[in-house]
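One structure is given here, and the rest of the page talks about it.
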Ligand code: ATP
Ligand code: MG
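Numbering (my numbering), first residue to last: 327 to 782.
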């Protein structure tokens with residue numbers, strides 16, 4: 327048996343009825359091991375603390391009120407929660423009270439979906455025939471095999487208790503590629519008011535998990551179809567059905583879903599995929615020839631991205647990175663661009679702290695989402711990225727700080743104290759070295775500076 331788990335089983339004793347529960351069982355049946363373990367026990371949290379400590383297992387009282395103790399053993403984390411029943415839900419978010427010391431079956435009955443409402447006694451974990459020992463009163467295994475997300479009990483009731491469950495249904499659909507059972511799906515639009523009460527921090531966590539799923543486009547389609555989208559991302563609705571031009575096969579929203587799908591499953595890229603064209607409906611124009619344009623949509627998307635992510639209390643680091651991806655998604659340094667123009671672009675990425683690699687990954691996803699797949703774009707994309715990488719590898723000066731003459735040297739040269747002229751001169755020199763990085767040496771730069779000083 328897993329030695330860490332073995333120690334915990336021994337420490338807590340046979341009357342603990344220790345069982346692996348919830349997502350841990352689900353993931354094990356799916357063959358996705360790893361991550362922290364969720365365990366449930368008949369013992370009260372104080373007893374878990376006492377017995378673990380007596381046996382020399384590190385125990386942290388993480389949530390005594392809710393019955394949770396965290397045990398650390400062999401560098402791993404085990405969350406041990408007392409079998410628990412939830413009291414009445416009055417605010418649509420959390421139960422007013424929890425009752426500890428109920429049965430395992432009652433504990434499973436409070437869980438959200440059948441696939442999350444199974445338990446496996448700890449003693450059975452290491453047996454080769456462990457699935458035979460599953461405690462599965464709600465048919466979770468059957469639903470898991472059928473790829474179904476189904477509420478435990480009456481979905482209208484369950485979604486009425488806790489609005490987060492509506493969003494979790496869509497998240498699991500995206501994460502596991504499952505379908506939501508029709509009755510469960512039909513309950514979501516009828517419980518939007520409760521879903522609207524969920525704390526934004528929790529919403530953000532779930533939305534990010536949804537976006538990072540294996541089939542995020544289905545989770546997003548479910549958000550749009552049920553009306554959940556309008557609770558937290560209402561500004562995105564106008565993208566649905568917004569028609570584009572000959573460069574695109576899809577309307578904006580369908581393109582967005584495709585870009586989300588094509589982007590690597592990382593938070594910054596997936597959020598950028600969702601938000602990058604949010605400004606298109608507002609920027610849409612049709613010219614005299616009947617051609618559709620979205621001039622300036624990037625700037626609108628940038629503003630919307632900041633508003634939306636700040637509202638969802640995303641971290642500053644994520645907001646910064648996603649905003650930078652959105653801001654630069656419409657720039658395509660083509661073969662006709664000069665090296666100097668490419669360097670100017672590298673300078674912009676640098677100023678936004680956006681690594682070239684991130685920009686490039688996002689760009690390929692965006693191109694792939696136009697409806698013709700990645701292949702027609704790949705060769706040109708790779709050539710473009712290779713060129714930018716080669717230019718970046720020459721480490722050209724991309725900031726005033728990298729100029730071969732600093733502010734002090736320029737003041738000495740001009741025999742003038744600092745002032746607005748200095749910034750203007752530095753801009754001029756920056757432009758000059760972007761044109762030709764070879765100029766970035768004290769001699770040539772000094773000559774350029776002297777010429778500029780004489781002229782102005
Ligand atoms: P993840 O893989 O993201 O951890 P999870 O299903 O394990 O998914 P957790 O938040 O870790 O999600 O919750 C652990 C278990 O607690 C769930 O599997 C489920 O049984 C139960 N649970 C979590 N959130 C709720 C909820 N809002 N309502 C009812 N049961 C819940
Ligand atoms: Mg979990």
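Heads up, the beta-carbon is just placed ideally off N, CA and C, and yes, glycines get one too.
Please read all numbers here as calculations on a predicted model, not as lab measurements.
State yes or no: is the C-beta of residue i nearer than 6 Å to some heavy atom of the ligand ATP?
| i | result |
| --- | --- |
| residue 358 | no |
| residue 490 | yes |
| residue 784 | Outside the shown range of the chain (327 to 782) lies residue 784, about which nothing can therefore be said. |
| residue 437 | yes |
| residue 571 | no |
As a quick exercise: from the options, pick the residue whose alpha carbon is nearest that of residue i.
| i | options | result |
| --- | --- | --- |
| residue 371 | 385, 419, 360 | 385 |
| residue 596 | 691, 730, 497, 781 | 691 |
| residue 470 | 751, 767, 348 | 348 |
| residue 582 | 772, 550, 551, 543 | 543 |
| residue 684 | 709, 651, 560 | 651 |
| residue 466 | 418, 444, 630, 599 | 444 |
| residue 437 | 455, 420, 390 | 420 |
| residue 574 | 559, 603, 553 | 603 |
| residue 504 | 529, 490, 536 | 536 |
| residue 412 | 400, 431, 406 | 431 |
| residue 337 | 399, 362, 657 | 399 |
| residue 628 | 615, 637, 645, 709 | 645 |
| residue 529 | 548, 558, 428, 551 | 558 |
| residue 760 | 670, 450, 705, 518 | 670 |
| residue 500 | 541, 473, 526 | 541 |
| residue 429 | 408, 626, 468, 423 | 408 |
| residue 340 | 655, 449, 518 | 449 |
| residue 365 | 425, 451, 358, 667 | 451 |
| residue 774 | 538, 453, 745, 730 | 730 |
| residue 361 | 480, 403, 393 | 403 |
| residue 599 | 617, 611, 579 | 579 |
| residue 601 | 663, 688, 343 | 688 |
| residue 552 | 686, 678, 517 | 517 |
| residue 736 | 676, 751, 455 | 751 |
| residue 564 | 343, 609, 392 | 609 |
| residue 637 | 497, 663, 527 | 527 |
| residue 634 | 560, 782, 661 | 560 |
| residue 594 | 483, 753, 680, 520 | 680 |
| residue 377 | 388, 395, 482 | 395 |
Got a sec, what are the start and stop residues for the alpha helix (DSSP H) residue i sits in?
| i | result |
| --- | --- |
| residue 732 | It is not in any alpha helix (DSSP H) - residue 732 carries neither H nor E in the DSSP assignment. |
| residue 609 | 606-609 |
| residue 472 | 466-472 |
| residue 482 | 481-487 |
| residue 437 | Unbroken run through residue 437: none, as it is neither H nor E. |
| residue 686 | 682-694 |
| residue 587 | 578-588 |
For a test of your reading of the model: does the CB of residue i fall under 6 Å from any non-hydrogen atom of the ligand MG? Yes or no.
| i | result |
| --- | --- |
| residue 466 | no |
| residue 349 | yes |
Please report the residue range of the beta strand (DSSP E) in which residue i lies.
| i | result |
| --- | --- |
| residue 329 | From DSSP, residue 329 is part of no beta strand (DSSP E) but of the alpha helix (DSSP H) over 329-338. |
| residue 446 | 445-447 |
| residue 598 | It is not in any beta strand (DSSP E) - residue 598 instead sits in the alpha helix (DSSP H) that spans 593-601. |
| residue 346 | 345-347 |
Return yes when the C-beta of residue i is under 6 Å from any heavy atom of the ligand GTP, and no when it is not.
| i | result |
| --- | --- |
| residue 494 | As far as ligands go, the structure on display features the ligand ATP and the ligand MG and does not contain the ligand GTP. |
Inset, instruction - Tell me the start and end of each unbroken alpha helix (DSSP H) in the segment 624-673 that is at least 4 residues and wholly inside, in chain order. - result: 642-653
Legend entry - Residue ranges of each alpha helix (DSSP H) within the segment 494-543, 4 or longer: 508-513, 518-521, 526-537
Inset, instruction - Please specify which runs of the alpha helix (DSSP H), each continuous and at least 4 residues long, are wholly inside the segment 355-431, giving them in chain order. - result: 371-380
Legend entry - At least three beta-carbon pairs within less than 8 Å, the segment 738-747 to the segment 695-702: no
Inset, instruction - Taking only runs that begin and end inside the segment 715-780, name each unbroken beta strand (DSSP E) of 3 or more residues, in chain order. - result: none
Legend entry - Complete alpha helix (DSSP H) runs within the segment 546-573 (minimum length 4 residues, chain order): 555-558
Legend entry - Inter-stretch contact (C-beta, 8 Å, three-pair minimum) for the segment 362-382 and the segment 330-345: yes
Inset, instruction - Spell out a yes or no on whether the segment 504-518 and the segment 471-480 are touching, meaning 3 or more CB-CB pairs, one atom from each, closer than 8 Å. - result: yes
Inset, instruction - May I ask you to verify whether the segment 747-767 touches the segment 655-673, counting CB pairs closer than 8 Å and requiring at least 3? - result: yes
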